[in-house]
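Trainee:
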Amino acid sequence: MPPKSKEGVMFSGAWISWAHTVVAYTAFLGALVTGLYLHYHKIVENEYYGYPDEWFPSVSATIGDRYPERSVFQIFIAMTSGPRFALVFLWYILTARPDSVLPIFVAGTGLFRTLTCGGWTYVTSTDDHGWHDVFMISYLVATLPWTLGCIALSPKENSKALRYRKILAGTFFGTLVPLIYFFIQHKVHRVAGAYTTYAFFEWALILLDVGFDAVTALDFQGFEVVIRDVQGSSRGKDFRVSDAVLEKEKGKPAGQIFGSGFFWSEAVDAAADIYNGFVFWSMLTSLGLTVWYFPLWHMGISGYEVMVMCTISPFLLCSSSVRSLVIKNTRYVHLLSLTGLLAYLVKTPEFRLFAVGFGVSMTCLAWSATWYAERSQAARLDARVLAWSIGLLASSLTKFASHTNNPIWPIMHAENGGWNKLGLFLALAAILRSTRQTTDNRGGLETMGSPASSHILAGLGLGGLIFGMHSLLSDSSTMILWVWEGFPVRGPIAANGVITLLAMGGGVLLFIWLQERASSWRNFSLLGSGAFLLTNYSNWTGFFGAVLMAIELMSLAPSLIGSAARRGPAAFGLGFLIYNILVLAHVWVVAYAFVPGGPLMREHTDWVMTATVVFIGAGIYTMPASKENIKSRQRSNRNGRSRFKSYYVYSLMVLELLAISVSYLRFPTNDYTPYHKEEKVITAGVWTIHFSLDNDMWSSERRIRDLIKELEVDVIGLIETDLQRIIMGNRDTTQYLAEDLGMYVDFGPGPNKHTWGSALLSKFPILNSTHHLLPSPVGELAPAIHATLDAYGEHIDVVVFHSGQEEDPEDRRQQSEYLAKLMKESPRPLILLSYLVIKPQEGNYNTYVGDKSGMKDIDPSDWDRWCEYILYKGIKRSGYARVSRSTITDTEIQVGKFIVGEAEGSDERVPEEQVAEGLRFPAMFRGEGVRGHQYHVFDEPRYYY
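Residue numbering for the sequence shown follows numbering that gives the first Met the number 0, starting at 0 and increasing by one per position.
1) By Cβ distance, which residues of its chain are closer than 6 Å to Thr113, with the 5 residues on each side in sequence left out?
2) Hey, could you find the ends of the beta strand (DSSP E) Asn767 is sitting in?
3) Going by DSSP, what residue range makes up the alpha helix (DSSP H) through Gly716?
4) Here's a check: name, in chain order, each residue in its chain whose Cβ is nearer than 8 Å to the Cβ of Glu911, leaving out the five neighbours to either side.
5) So, do the stretch 756 to 765 and the stretch 730 to 743 have three or more beta carbon pairs nearer to each other than 8 Å?
6) Per DSSP, which one or two residues make a beta bridge with Pro177?
7) What are the residues that DSSP puts in a beta bridge with Glu793?
8) Comparing alpha-carbon positions, which option in Ser537, Ser518, Phe543 lies nearest Ser528?
9) Taking 9 Å as the cut-off, decide whether the C-beta atoms of Asn579 and Thr329 are in contact.
10) Phe949 lies in the alpha helix (DSSP H); which residues open and close that run?
11) Ignoring anything shorter than 4 residues or poking outside the stretch 654 to 742, list the alpha helix (DSSP H) runs there in chain order.
12) So, with DSSP's three-state summary, where would you put Lys316?
13) So, for Tyr735: in the same chain, excluding its five sequence neighbours on each side, which residues have a beta-carbon less than 6 Å away from its beta-carbon?
14) In whole angstroms, what is the alpha-carbon distance linking Thr347 and Asp695?
15) Who are the Cβ neighbours of Asp906 in its own chain at under 7 Å, not counting the five residues just before and after it?
16) Since Ile830 is in the alpha helix (DSSP H), which residue starts that stretch and which ends it?
17) Which class does Tyr856 belong to by DSSP, given the choice of helix, strand or coil?
18) Met9 bridges to which residues according to DSSP?
19) Secondary structure at Ala268, three-state DSSP: helix, strand or coil?
20) Between the alpha carbons of Thr609 and His333, how many angstroms are there, rounded?
21) Can you give the Cα-Cα distance for Arg640 and Arg379, rounded to whole angstroms?
22) Taking Cβ to Cβ, would you say Met308 is nearer than 9 Å to Gly339?
23) Is it buried or exposed, Ala13, if we count other Cβ atoms within 10 angstroms and call 16 or more buried?
24) Cutting at 8 Å between CB atoms, please list the residues of its own chain near Val71, excluding the five before and the five after it.
25) Using only CA atoms, which one of Met923, Ile857, Glu901, Thr886 lies nearest to Gln893?
26) What would DSSP say about Asp644, mapped onto helix, strand or coil?
27) Should Thr621 go down as buried or exposed, given a rule of 16 or more other Cβ atoms within 10 Å for buried?
28) Compare the C-alpha of Arg435 against each of Asn522, Tyr91, Asn275 and name the closest.
29) What is the rounded straight-line gap between the Cα of Ala342 and the Cα of Gly287?
30) Enumerate in chain order the residues of its own chain whose CB-to-CB distance from Ala502 is below 6 Å, with the five nearest sequence positions on each side excluded.
31) For Ser870 versus Ile837, is the C-beta distance shorter than 9 Å?
32) I think Gly390 touches Leu576, with their Cβ atoms under 8 Å apart; what is that distance to the nearest whole Å?
33) Between the stretch 773 to 788 and the stretch 490 to 502, do three or more beta carbon pairs fall short of 8 Å?
34) Is the number of C-beta pairs between the stretch 846 to 861 and the stretch 644 to 663 that are closer than 8 Å three or more?
35) Whose CA, out of His801, Lys155, Glu711, Lys41, lies closest to the CA of Ser755?
36) Nearest-angstrom Cα distance between Ser336 and Ala270?
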């Protein structure tokens, strides 16, 4: 009961909520009204359009730098801070309960949001763009845990408030989808009016955000704030209401997870387990890369491919003596596996591969032994598998932040962005921490009473699961490139990889909160539906299938691995064997021209996807009955182990917030200015980059970037760029190059189109692009990109093309005729950046060059070519150069300069002294050049009228 004394001031706690709501809305709406009245045309104008194309201002334009609307906003937002701090404090008082960290976490998040709001309010982008973005990103990132935390803690007695919170939160997050869509329409496609539509959704977010906090007025009606001048000790907390809520919720999965105390020692244990999982996935994903180096240089089977079988080491656990030895010494097996991280110190590629292979064999053995040892402790086993699964998410997030390279891979070192030493140090600490306790239940349950065939079915399920997770989820951009169809953008871009990461986290939560329902046949049907959509559709429709697959694969992992653990150790060995077969199959579909039996698997990614889903279905079929599983988990949960899952949820939230931050920072906002716009020059090049592995097995993205930048290339066609397979590390070199060099990028036919890849990077906007698969009746598929660029206000076509190999002359003949027809029909000036495999003046050369195509050779006298050619029509050729590759790849880079708006001109050459400075190639590559790059074949670049 409130005190009956009339001394002092008393008012309802709801007034704090109302004060916060009114003043906050006044800050934004007051600035809007002021801006519309005083500076309407100025605040609706953006970088591309003004009134009447854009007719409503965004939030940032309204509350930005213009006086007096900026002052109106800042004055009222300052007044909001008092009620805001009081609101956070009252919410903590309402929800605090003994031995629970969630109310403290949510309150801390609320204070953090309040402080960062002041940061982006009073430090504008004009004052300091960097700090403004830091405060803004921090505020947006903290919104997710604040919203979800308030819903989780909302008193269940007040169902009305809970319902409003769910509606407002759902609408808020749902609004983000069209918000991002129209921002892309404005920023990437430059659609007139898109920013106005974006502005309406942006204002809606403001109204919903403030409205969400306004719901606290319903909760605070039971509070009476009393201000009295007294002396005495402070009152203690009254936990009665919160305890009642907790008592109702503790029988539910979420209640079991968050209803327990927080202990830093257990949090460190969880972090160590997850990092150990991260190390597993880092080593497993590096194996394919180090194997791929050898068939890449041999142009066929090298013999080193046998190293992929090092993952079947869990078969050793079938021996009882080996099994006992490994389980008793799991820590030492994990430590031995770190040779996979130490491999970067080995300079010789063959020995580096052997070090990685040994490390992978040990980590597969150690994790399988750990799962088997925990087989009769369901909650402990779930915790181990969750750490392993979240480790995959951490690996994918690390690659997302590092432009698809993992900084602790053995192809990385300090010079190309590696963090090997730090990764190794953390791995040592994580292993020592996470291997302190392992249960060996040798007297426990060996099987669950199923027939012997269940070992095989469980192994099939495990193999399909690991392959699906590795091939599709080990990089956030893999499935995006599956559905990418070129410009204009009609689907997700690389920065949208955060959606994949959020879906993966959603799969983990699906299992934690729904337990056995996450591994039902209904969820399996969703997995199959996702596989069908991803395989057969493009753009957002196909990506919806990708999201379904990410959720379902992650949610199925604990149940499938738990089932395999209960079937005996043979299931793990068989699972990794099936995984290896699927790995080889999904390489065979594109490498069919170089491997035995290749034509059987040619272009059958659909077979591989079907096998993956069917194998997972076999694993689900052999799972223990749900009731039996539930009883097992209930017995295990009595030990309090389920509380440990809360730390995985906290870790998951941290990772997802980091993913959102990385996505924001990676969203393309480059200045796409060509190098010599005064002369209206296009410097175009072609380069076969050999899958971004240099001659010494190091990742070569940074060296590639340096040469492109120093040559001042505006448009470049890259050949052999499709790295989105297990054997190539699921990478995408073009992301790093495009973002670092400030270029638009079009990735050629995707990984599901069975080519070795082509890519186009351009300083000029790509207005439209079409992907082609040229006729290839016998040999490998030939990819091509036909793009139209907006170069200095004129439309210029560029074609990037990779023809078939010399072993298949009929393929190359048909491809030359297809491409000649394509180029002949283009009504615009056109530049071909190509890999043709011909000799100058002979055979198919006369199809590519001449009347059939309308194309001219940039230098017909250059006799020393075989693969790379630059052709053109309808544009003036100004210069041509060839620059040596150093040890980056096996092919030089060829570069040509073209002048937009001028006729083709003659073949007469002029000295460099007579050429304008902006038309010259850099002098730094003359003579011995730099870093092994110099002009070669010719002593100097060739110039023309």
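A virtual CB, placed ideally from N, CA and C, is assigned to each residue, including glycine.
Mentor: Result, derived from the coordinates:
1) Residue 113 sits at position 114 when you count from the first residue of the sequence shown. Here the set comprises Arg83.
2) The residue you call residue 767 lines up with position 768 of the sequence shown. Element bounds for Asn767: 765 to 773.
3) Here residue 716 refers to the residue found at position 717 when the sequence shown is read from its first residue. Per DSSP, Gly716 belongs to no alpha helix (DSSP H); it is in the beta strand (DSSP E), 714 to 718.
4) Numbered from its first residue, the sequence shown carries residue 911 at position 912. Closer than 8 Å at Cβ, skipping near neighbours: Arg919, Glu939, Pro940, Tyr942.
5) By the criterion of at least three beta-carbon pairs nearer than 8 Å, the stretch 756 to 765 is in contact with the stretch 730 to 743.
6) For the purposes of this step, residue 177 is taken as the residue at position 178 of the sequence shown. Bridge partners of Pro177: none, in fact.
7) On the sequence shown, residue 793 is found 794 positions in, with the first residue counted as 1. In the DSSP output, where bridge partners are listed per residue, Glu793 has Ala790.
8) Start at 1 with the first residue of the sequence shown, and residue 528 comes out as number 529. Closest option to Ser528, Cα to Cα, is Phe543.
9) For this step, residue 579 is matched to residue 580 along the sequence shown. For this step, residue 329 is matched to residue 330 along the sequence shown. For Asn579 and Thr329, no; Cβs fall outside 9 Å.
10) Lying before the first or after the last residue shown, residue 949 is absent from the chain, which here runs from 0 to 944.
11) Taken in chain order, the whole alpha helix (DSSP H) runs of length 4 or more contained in the stretch 654 to 742 are 700 to 709, 732 to 740.
12) Taking the first residue of the sequence shown as position 1, residue 316 is located at position 317. Per the sequence shown, the amino acid found at residue 316 is Leu instead of Lys. Here Leu316 sits in helix by DSSP.
13) If you number the sequence shown from 1, residue 735 lands on position 736. Take Tyr735, set aside five residues on each side of it, and the residues of its chain with a beta-carbon closer than 6 Å to its own are His402, Glu700, in chain order.
14) Indexing the sequence shown from 1 puts residue 347 at position 348. Indexing the sequence shown from 1 puts residue 695 at position 696. Cα-Cα distance, rounded: 8 Å.
15) Along the sequence shown, one-based indexing puts residue 906 at 907. Closer than 7 Å at Cβ, skipping near neighbours: Tyr943.
16) Here residue 830 is taken as the residue at index 831 of the sequence shown, counted from 1. Counting along the chain, Ile830 falls outside any alpha helix (DSSP H), though it belongs to the beta strand (DSSP E) covering 829 to 834.
17) Position 857 of the sequence shown holds residue 856. A small correction: the amino acid at residue 856 is Asp; Tyr does not occupy that position in the sequence shown. Note: Asp856 maps to strand in three-state DSSP.
18) Taking the first residue of the sequence shown as 1, we reach residue 9 at position 10. DSSP lists Val225 as partners of Met9.
19) The count along the sequence shown starts at 1 and reaches residue 268 at position 269. Here the sequence assigns Asp to residue 268, which means Ala is not the residue at that position. Asp268: helix per DSSP, three-state reduction.
20) What you label residue 609 is simply residue 610 of the sequence shown in a count that begins at 1. What you label residue 333 is simply residue 334 of the sequence shown in a count that begins at 1. Straight-line Cα distance between these residues: approximately 34 Å.
21) For the purposes of this step, residue 640 is taken as residue 641 along the sequence shown, with counting starting at 1. For the purposes of this step, residue 379 is taken as residue 380 along the sequence shown, with counting starting at 1. Its pLDDT being 46, under 50, Arg640 is placed unreliably in this model, and the coordinates cannot settle the point.
22) Counting from one through the sequence shown, the residue named residue 308 turns up at place 309. Counting from one through the sequence shown, the residue named residue 339 turns up at place 340. Against a cut-off of 9 Å, the Cβ pair of Gly339 and Met308 comes out as no contact.
23) Stepping through the sequence shown from its first residue, residue 13 is reached at position 14. So Ala13 ends up on the buried side.
24) Counted from its first residue, the sequence shown places residue 71 at position 72. Excluding sequence neighbours, Val71 sits near Ala26, Gly29, Ala30, Thr33.
25) Stepping through the sequence shown from its first residue, residue 893 is reached at position 894. Ranking Met923, Ile857, Glu901, Thr886 by Cα distance to Gln893 puts Ile857 first.
26) For this step, residue 644 is matched to residue 645 along the sequence shown. Before going on, a small fix: residue 644 reads as Lys here, not Asp. In the structure shown, Lys644 sits in a helix (DSSP, three-state: H, G or I).
27) Taking the first residue of the sequence shown as position 1, residue 621 is located at position 622. Flag for Thr621 reads buried.
28) One-based indexing of the sequence shown puts residue 435 at position 436. Ranked by Cα distance from Arg435, the options Asn522, Tyr91, Asn275 are led by Asn275.
29) For this step, residue 342 is matched to residue 343 along the sequence shown. For this step, residue 287 is matched to residue 288 along the sequence shown. Each residue's Cα considered, the two are about 14 Å apart.
30) To locate residue 502, count along the sequence shown from 1; it is residue 503. Counting only Cβ-Cβ distances below 6 Å, and skipping sequence neighbours, we find Val546, Ala549, Ile550.
31) Residue mapping note: residue 870 aligns to position 871 of the sequence shown, counting from 1. Residue mapping note: residue 837 aligns to position 838 of the sequence shown, counting from 1. This sequence places Leu at residue 870; Ser is not what is there. Annotated as distal: Leu870 and Ile837, with beta-carbon spacing of 9 Å or more.
32) Here residue 390 refers to the residue found at position 391 of the sequence shown. Here residue 576 refers to the residue found at position 577 of the sequence shown. Between Leu576 and Gly390 the Cβ distance is about 22 Å, and since that is not below 8 Å, they are no contact.
33) Segments in contact, no.
34) no
35) In the sequence shown, residue 755 corresponds to position 756, counting from 1. Per the sequence presented here, residue 755 reads as Trp, with Ser not at that position. Measuring from the Cα of Trp755, the nearest candidate turns out to be His801.
36) On the sequence shown, residue 336 is found 337 positions in, with the first residue counted as 1. On the sequence shown, residue 270 is found 271 positions in, with the first residue counted as 1. Cα to Cα, Ser336 sits roughly 19 Å from Ala270.
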